[in-house]
Amino acid sequence: TSGLKGAALAATSLVAAIGAIAFVKSLVTVARDFDVINASLKTVTGSTEEAARAFKKIQSFAATTPFDLGQVSNAFIKLKALGLDPSEEAMLSYGNTASAMGKDLNQMIEAVADASTGEFERLKEFGIKTRSVGDEVKFTFQGMTTTVKKNAAEIEGYLMGLGNVQFAGAMEERANSLDGALSNLADTYDQLLLTMSSGAVGEAFEDSARYLTERVKAISDAIRIISGSADDDLLWGVANHNIQRLKNLLS
């Protein structure tokens, strides 16, 4: 019957609307995540200008790695907040170690952060054994033991050296794999969403999201009514009117 066909058409349009809503939700999620990152960057760098400079460097670095922009940003923030070295050289080293051991970047950063304060438990995840002897720490990796002073600078230096020597090139190799390609694809998509959420475009999406919410509710109400009154052309007309308005918005 015409009523049942109308209900099917309404359901199809509703699925399209749900897809559009999912996209808008993704956009909002990315915008929120990077608002948090931006706020943290301002805190650890001391100013909006320095945060912007840091974010550009982070974007550039993330584009060449198998790690997404969020991971790299949070790694930079964690290192900076603890007074450790967040330079590209340091990130490259830690990225090499993480890549070689099949870990994500933040797992390595957490291990480095803990080690700098004398907590070495997380290093076991990377095959690094430790033993404290007075004011020194003995690190053993792949059967080779290295002794350093028990302070953040020397501990950090040892861990950076590990990534630069034993695992040199590991991050680049992983970046050239399928895992790296998928990570870069996801990163590019997030960058697109972040750009779209900025300025006038973001405001337009916010308005569209509110409009979609109203239209989906109207279509849902109409479908419920049509389901109980399949021959009522007047009620179907109300649903069709809302569907056409929704199509115009999505086109």
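Following my numbering, the numbering of the sequence shown begins with 821 at its first residue and continues without gaps. We treat Cβ as the ideally placed atom computed from N, Cα and C, and that holds for glycine.
Where S952 falls: helix, strand or coil (DSSP): Here the question's residue 952 lines up with position 132 in the sequence shown. S952: strand per DSSP, three-state reduction.
Buried or exposed (CB count within 10 angstroms, at least 16 for buried), G866: Walking along the sequence shown from the start, residue 866 turns up at place 46. With fewer than 16 Cβ atoms within 10 Å of its Cβ, G866 is classed as exposed.
For A910, the nearest candidate out of A1006, L982, A872, I948 (CA to CA): Here the question's residue 910 lines up with position 90 in the sequence shown. When A1006, L982, A872, I948 are compared, the shortest CA-CA separation from A910 is found for L982.
Own chain partners of E930 with C-beta closer than 8 Å, once the 5 adjacent residues on each side are dropped: Reading the sequence shown from its first residue, position 110 is the one you call residue 930. Result list for E930: K898, R942, in chain order.
Given E908 as reference, the closest of T950, R951, S880, S952 once Cα atoms are compared: One-based indexing of the sequence shown puts residue 908 at position 88. The candidate whose alpha carbon is nearest that of E908 is S880.
contact_flag[the segment 913–924, the segment 970–986] where n(CB pairs < 8 Å) is 3 or more: These segments touch.
heavy atom of the ligand GDP below 7 Å from L925 C-beta: For the ligand GDP, the structure offers nothing, since it holds no ligand at all.
Straight-line gap, E870 to S1003 (C-alpha atoms, nearest Å): Stepping through the sequence shown from its first residue, residue 870 is reached at position 50. Stepping through the sequence shown from its first residue, residue 1003 is reached at position 183. So the two alpha carbons sit approximately 27 Å from each other.
For K877, the first and last residue of its enclosing alpha helix (DSSP H): Start at 1 with the first residue of the sequence shown, and residue 877 comes out as number 57. Note, K877: alpha helix (DSSP H), 868–882.
Inter-residue Cα distance where the pair is A920 and I857: Here residue 920 refers to the residue found at position 100 when the sequence shown is read from its first residue. Here residue 857 refers to the residue found at position 37 when the sequence shown is read from its first residue. If you draw a straight line from the Cα of A920 to the Cα of I857, it comes to about 27 Å.
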